[in-house]
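Mapping the sequence shown onto the working numbering, position 65 (from 1) lands on 493, and the numbers just tick up by one.
Glycine included, C-beta positions come from ideal geometry on N, C-alpha and C.
Below is one structure; the comments refer to it alone.
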Amino acid sequence: MDELPPIEKGGDYALIFELGEGKYASANAFMNTLLGLLLARAAESKQTAAAGSALNLYCNTERAEDGVNSLKLFKKRAE
Numbered sequence: 429m430d431e432l433p434p435i436e437k438g439g440d441y442a443l444i445f446e447l448g449e450g451k452y453a454s455a456n457a458f459m460n461t462l463l464g465l466l467l468a469r470a471a472e473s474k475q476t477a478a479a480g481s482a483l484n485l486y487c488n489t490e491r492a493e494d495g496v497n498s499l500k501l502f503k504k505r506a507e
């Protein structure tokens, strides 16, 4: 968790889980737990402390082509 950058208010994010075949069946439990942890950390952060801070978070699960579990967090660049 410490390796992930903080989620900031007003941000648009995409969270992609790539899971090996054995873990893909239980992906929902894994994703929900990690999303809960990320959002709890964001709520405690000074960057998201303002009430009503908007946050757009897209989440998807894919099968890992190499069989190795991984997580990718993308942030939309400001226009």
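When the options are compared against residue i, the one with the closest alpha-carbon
i    : options                : result
G448 : L466, G438, E490, K500 : E490
E493 : P433, E446, G439, G464 : E446
L465 : I444, A455, I435, A453 : I435
A451 : G495, K503, L501       : Strictly speaking, residue 451 in this sequence is Lys, with Ala absent from that position. Answer by Cα proximity: G495.
M459 : Y486, G439, P433, R505 : Y486
K437 : A470, A455, N456       : A470
A455 : L499, L432, K504       : L499
Span of the alpha helix (DSSP H) around residue i
i    : result
L483 : No alpha helix (DSSP H) contains L483, which DSSP labels as neither H nor E.
L467 : 455–472
Cross-strand partners of residue i (DSSP beta bridge)
i    : result
D494 : BP columns for D494 are empty, so no partner.
K500 : I444
Residue i: first and last residue of the uninterrupted beta strand (DSSP E) it sits in
i    : result
I444 : 440–447
Short CB-CB distance (under 8 Å) between residue i and chain C
i    : result
K500 : In the displayed structure, chain C is absent; only one protein chain is listed.
Supposed contact pair residue j and residue i - C-beta distance, whole angstroms, cut 8 Å
i    : j    : result
L483 : G439 : 6 Å
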